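> Before I ask anything, here is the structure I am working with.
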Amino acid sequence: MNNSLTTQIARFATKSLYYEVAISPKPGLVDRFNNGAHDDMDFFTFINSIESLAPHFQEYFQLGLQHNADLTDLFHNLRKAGIQAEKDMLLATNDVNTHKGANFSFAVLLGATGFYMKTHSLPFLPKDSQAILNLVAQMTQDLAQQDFYQVTQKKQLTHGEKLYIETGTLGIRGEAMKGYPALTNVLLPYLRQHNASEDTETFLLRSLILVMSQIEDSNLLHRGGIVGWQQVKQDSLNIHQAELDNITFKKALEKFNKQLIEIHLSPGGAADLLSLGIYFSFLEKII
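All residue numbers for the sequence shown refer to the numbering used here, where the first residue is 25 and numbers rise by one.
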């Protein structure tokens with residue numbers, strides 16, 4: 025029972041990452057058609073990365089399923105496992121950071137899912153997804169305090185640490201600590217409107233544009249600063265609000281992609297969030 029459940033849930037997470045990279049065209053992001061604003065990775069780099077992470081997704085779920093102590097202890101166990109997963113990812117991609125943020129998020133989400141599924145079963149309702157996100161918030165409540173304590177005294181800083189010092193942005197840590205409010209308030213309500221007759225790829229591309237129009241994307245902040253991020257956010261909002269037909273919509277994405285390639289901006293935070301939304305869509309049988 026546990027083995028088959030672990031396999032099923034881990035496959036949902038793996039498949040979510042495959043869906044995210046496969047949908048095309050995406051503005052500034054790696055997809056089937058081109059590398060977006062990246063010159064160090066392509067579609068196949070992502071395939072290799074996902075394959076390297078897949079076994080670890082089973083471990084994350086199992087850690088949650090078998091955990092009976094404090095949730096902060098569960099987070100420390102997940103983080104330790106996540107560090108090894110990241111090493112395997114970098115080995116598979118020749119040191120290219122394809123899924124660092126997604127790996128962190130799936131570690132805490134799969135751990136929380138495992139913990140929750142000790143007493144619950146599939147398919148999930150929206151309240152089940154929310155319960156998992158609440159568990160993540162409890163699990164990571166002290167994360168910023170732990171990670172950014174005396175960060176200004178460090179000699180070598182990560183992108184996330186630099187952003188925190190420069191702008192106060194908490195990035196993916198902040199999302200986790202708040203239980204991923206962009207999922208709860210923006211993406212999941214939109215995904216739940218999915219019509220079974222609607223083209224899945226186009227629907228997920230529209231979901232991506234919605235997310236890009238709403239969130240604080242640390243990848244955009246890192247590459248383009250506040251001005252770059254806000255411009256991408258506004259351009260995304262314009263496309264979303266235009267309610268274009270499918271053909272015109274994809275042409276708009278192709279044009280948007282060229283613009284972002286020219287200014288070297290990639291909304292990786294939005295892409296990661298979309299993959300998390302797809303994961304919950306599988307749990308809730310939305311798509």
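All C-beta atoms, glycine included, are put in the ideal place defined by N, C-alpha and C.
Everything numeric in this text was worked out from a predicted model, so none of it was measured.
Return helix, strand or coil for GLN265, following the three-state DSSP convention.
As a first step, residue 265 must be located in the sequence shown, where it is residue number 241. Three-state DSSP puts GLN265 in a helix.
> For the stretch 52-61 against the stretch 88-96, are there 3 or more C-beta pairs whose distance is under 8 Å?
Not touching, per the Cβ criterion.
> Would you report the Cα separation of THR191 and LEU277, rounded to the nearest angstrom?
Here residue 191 refers to the residue found at position 167 when the sequence shown is read from its first residue. Here residue 277 refers to the residue found at position 253 when the sequence shown is read from its first residue. Distance between the alpha carbons of THR191 and LEU277: 29 Å.
> Run the CB neighbour count on GLN180, radius 10 Å, all protein chains shown included, and call it buried at 16 or more, exposed below.
Taking the first residue of the sequence shown as position 1, residue 180 is located at position 156. When all chains shown are included, GLN180 counts as exposed.
> So the candidates are PHE306, LEU194, SER299; which of them puts its Cα closest to the Cα of GLU44?
In the sequence shown, residue 44 corresponds to position 20, counting from 1. The candidate whose alpha carbon is nearest that of GLU44 is SER299.
> Whole angstroms are fine: how far does the CA of LEU211 sit from the CA of LEU149?
What you label residue 149 is simply residue 125 of the sequence shown in a count that begins at 1. What you label residue 211 is simply residue 187 of the sequence shown in a count that begins at 1. Computed Cα separation, rounded: 15 Å.
> Under a three-way DSSP split, which group does GLY184 fall into?
Locating residue 184 in the sequence shown gives position 160, where the first residue counts as 1. Helix at GLY184.
> In whole angstroms, give me the CA-to-CA distance for HIS218 and GLY248.
By one-based count along the sequence shown, residue 218 stands at place 194. By one-based count along the sequence shown, residue 248 stands at place 224. Going from the Cα of HIS218 to the Cα of GLY248 covers about 33 Å.
> With a CB to CB cut of under 6 Å and the five nearest residues on each side skipped, what residues in its chain are close to LEU261?
Walking along the sequence shown from the start, residue 261 turns up at place 237. Within the same chain, LEU261 has close Cβ partners SER237.
> Between ASN158 and ASP223, which are expected to be in contact by the criterion C-beta below 8 Å, what is the C-beta distance as a whole number of angstroms?
As a position in the sequence shown, residue 158 is number 134, starting the count at 1. As a position in the sequence shown, residue 223 is number 199, starting the count at 1. With a Cβ gap of about 33 Å, ASN158 and ASP223 do not count as contacting.
> Determine the contact status of ILE285 and ALA61, defining contact as a CB-CB distance below 7 Å.
Within the sequence shown, residue 285 is the residue found at index 261, counting from 1. Within the sequence shown, residue 61 is the residue found at index 37, counting from 1. Closer than 7 Å, so yes.
> Note the first and the last residue of the continuous alpha helix (DSSP H) segment covering ASP152.
Residue numbering aside, residue 152 sits at position 128 when the sequence shown is read from its first letter. Segment 150-163, the alpha helix (DSSP H) holding ASP152.
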